[in-house]
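Colleague:
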Amino acid sequence: MANRIPRSSSCFFIFLLLPLLLQFCSGKSDLQLNYYSESCPRAEEIIKEQVINLYHKHGNTAISWLRNIFHDCMVKSCDASLLLDNAPGMESEKNSARSFGMRNFKYINTIKQALESECPGTVSCADIVALSARDGVVLLGGPEIEMKTGRKDSKVSHAADVDSLIPNHNDSMSSVLSRFQSVGIDAEGTVALLGGHSVGRIHCINFVDRLYPNADPTLNPAHVEYLKRRCPSPKPDPKAVEYSRDDLATPMVLDNLYHKSILDGKGLLIVDQELASDPLTSPFVQKMAADNDYFHDQFSRALLILSENNPLLNDEGEIRKDCRFANNN
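Rendered as structure tokens:
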């Protein structure tokens with residue numbers, strides 16, 4: 001006679017499986033391509049149209065979208081927590097020192113309003129952050145990236161965690177690599193993502209300590225003289241338009257001139273120059289400096305990993321009506 005499992009043991013076994021069965025039956029799913037194909041078929045097209053329109057009116061918006069995805073997804077989750085304004089009992093992540101110089105947040109709501117007109121309460125602000133970055137990268141001459149959607153929006157800000165989770169430009173390379181590794185991005189991907197410094201500009205306040213009172217010896221001496229003309233004071237006004245660029249030749253193109261520049265001792269930030277000299281990252285810097293296609297391939301890979309960091313799914317979050325506020329506000 002075959003052995004039988006006692007009825008009590010069988011029931012107990014089913015009881016242990018029940019939570020897993022309920023999760024499976026609940027329909028909880030991961031991010032997916034074309035998530036809005038049925039609920040809002042033109043969602044991605046609308047976002048792209050708005051991103052292109054805003055770029056032609058305000059070219060720097062494309063750079064803002066790229067910075068947004070980094071600052072949002074590095075802090076706990078790709079959940080649009082970055083976009084939340086101050087509310088009673090909650091401080092905005094935008095108030096953090098790490099958010100210095102960030103702008104164009106108001107245009108995220110321009111994109112949101114266009115989506116709300118087409119499909120009210122359907123497309124999350126978190127997906128707007130991801131897809132606007134994707135489309136902004138293309139406008140900056142970068143690669144086309146297939147990005148999944150289906151994120152939900154956080155109801156709370158993570159302001160208290162920003163400083164510990166977003167790398168500082170003065171951090172050691174081991175610390176920077178560790179923070180990127182915490183979201184699944186390896187050293188090769190870190191070198192590629194920091195190539196985002198190829199576009200935009202950097203305020204003097206972030207690198208003036210490398211110029212005064214004595215110039216950092218790792219800086220190219222000729223470049224020091226140029227930077228001192230851009231930043232004539234050792235105490236720049238943070239509200240003044242005093243800045244330089246890591247990529248002087250193509251500052252609005254996402255290309256490998258950034259990697260060439262830091263190999264030539266022209267990286268503005270300490271992290272830029274450490275990237276070129278650290279034995280873990282230097283080989284990748286040299287390879288990307290020599291091959292723009294390789295840089296784009298690695299940038300695409302790393303940005304995809306970043307964009308899928310711990311997303312809120314289904315009832316874990318909400319679809320905000322206004323990207324600046326949780327719905328209960």
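Each residue of the sequence shown is one higher than the one before, counting from 1 in UniProt numbering. Every residue, glycine too, gets a C-beta built ideally from N, C-alpha and C. Bear in mind the structure is a predicted one, so any value in this text is a computation, not a measurement.
#1: Skipping 5 residues on each side, what residues in its chain have a beta carbon closer than 6 Å to that of Ser29?
#2: According to DSSP, is Thr61 helix, strand or coil?
#3: Just tell me which of Ile205, Ser261, Leu254, Pro251 has its CA closest to the CA of Ala222.
#4: How far does the alpha helix (DSSP H) with Asp163 in it extend, from its first residue to its last?
#5: Taking just the CA atoms, how far does Asn310 sit from Ser124?
#6: Determine, using beta carbons only, whether Leu115 and Ala62 come nearer to each other than 8 Å.
#7: In the DSSP output, what is Tyr243 paired with across the bridge?
#8: Which residue or residues does DSSP assign as beta-bridge partners of Leu312?
#9: Flag this pair as touching only if the segment 70-83 and the segment 154-166 have three or more C-beta atom pairs under 8 Å; answer yes or no.
#10: In three-state terms, what does DSSP make of Cys25?
#11: Which residue from Leu280, Pro143, Ala326, Asn53 puts its Cα closest to that of Ser190?
#12: Could you check the C-alpha separation between Cys25 and Ala290 for me, to the nearest Å?
#13: Answer with buried or exposed for residue 349, where buried requires no fewer than 16 other C-beta atoms within 10 angstroms of its C-beta.
#14: Restricting to Cα atoms, I'd like to know which of Asn34, Glu274, Asp247, Val162 is closest to Ile202.
#15: Excluding five sequence neighbours on each side, which residues of the same chain lie with their C-beta closer than 7 Å to the C-beta of Leu257?
#16: Give every residue of the same chain whose Cβ lies closer than 6 Å to the Cβ of Gly200, excluding the five residues on either side of it in the sequence, and list them in chain order.
#17: Ends of the alpha helix (DSSP H) at Phe105?
#18: Verify whether the separation of the beta carbon atoms of Leu84 and Ser92 is less than 8 Å.
#19: Leaving out the 5 sequence neighbours to the left and right, which residues in its chain are closer than 8 Å to Leu139 when beta-carbon positions are compared?
#20: Between which two residues does the alpha helix (DSSP H) containing Glu274 stretch?
#21: Helix, strand or coil for Ala215, going by three-state DSSP, please let me know.
#22: When DSSP labels each residue in this structure, what does Met252 get in the three-state scheme?
#23: Which partner residues does Met90 have in the DSSP bridge list?
#24: Rounded to whole angstroms, what is the Cα-Cα separation between residue 336 and Asn109?
#25: Please return the same chain residues whose Cβ sits closer than 8 Å to the Cβ of His58, not counting the five positions on each side in sequence.
#26: From the DSSP secondary-structure annotation, give me the bridge partner or partners of Glu45.
#27: I'd like to know if the segment 228-243 and the segment 270-288 are in contact, where contact means that at least 3 CB-CB pairs between them fall below 8 Å.
#28: Compare the C-alpha of Gln113 against each of Gly141, Gly267, Leu33, Asp322 and name the closest.
#29: What does a CB cutoff of less than 7 Å around Ser282 pick up in its chain, not counting 5 residues either side in sequence?
#30: Would you check if the segment 155-174 and the segment 213-229 touch, i.e. whether three or more CB-CB distances between them fall below 8 Å?
#31: Below 8 Å on the Cβ atoms is my contact criterion, and I expect Asp171 with Val271 to pass it. Report the Cβ-Cβ distance as a whole number of Å.
#32: By the DSSP assignment, the alpha helix (DSSP H) with Gly100 in it spans what residues?
#33: What three-state label does DSSP hand Asp322 in the structure shown?
Modeller: In short, the structure shows the following:
#1: Any reading at Ser29 must be qualified, since the residue scores a pLDDT of 48, below 50, and its modelled position is unreliable; the value itself is stated next. Counting only Cβ-Cβ distances below 6 Å, and skipping sequence neighbours, we find nothing.
#2: helix
#3: Ser261
#4: 162-165
#5: 15 Å
#6: no
#7: His203
#8: Lys152
#9: yes
#10: Because Cys25 sits at a pLDDT of 38, beneath the cut-off of 50, its placement in the model cannot be relied upon, and the following sentence gives the value as read from the coordinates. Correct three-state label for Cys25: helix.
#11: One detail in the question is off: residue 190 reads as Thr in this sequence, not Ser. Nearest option by C-alpha distance: Leu280.
#12: Here the model assigns Cys25 a pLDDT of 38, short of 50, so the residue's position is not dependable, and the following value carries that caveat. If you take the alpha carbons of Cys25 and Ala290, they lie about 50 Å apart.
#13: Coverage of the chain is limited to positions 1 through 329, which leaves residue 349 absent and any answer about it impossible.
#14: Asp247
#15: Ser198, Asp247, Ala249, Thr250
#16: Ile63
#17: 105-118
#18: yes
#19: Val51, Ile52, Tyr55, Ala62
#20: 270-277
#21: coil
#22: coil
#23: Ala87
#24: In the structure as shown, the chain begins at 1 and stops at 329. Residue 336 is therefore absent and cannot be evaluated.
#25: Asn104, Tyr107
#26: Looking at the DSSP assignment, Glu45 forms no beta bridge with any residue, so it has no partner.
#27: no
#28: Asp322
#29: Ala276
#30: no
#31: 7 Å
#32: The question names Gly, yet the displayed sequence has Phe at residue 100. Note, Phe100: premise wrong, no alpha helix (DSSP H); not H, not E.
#33: strand
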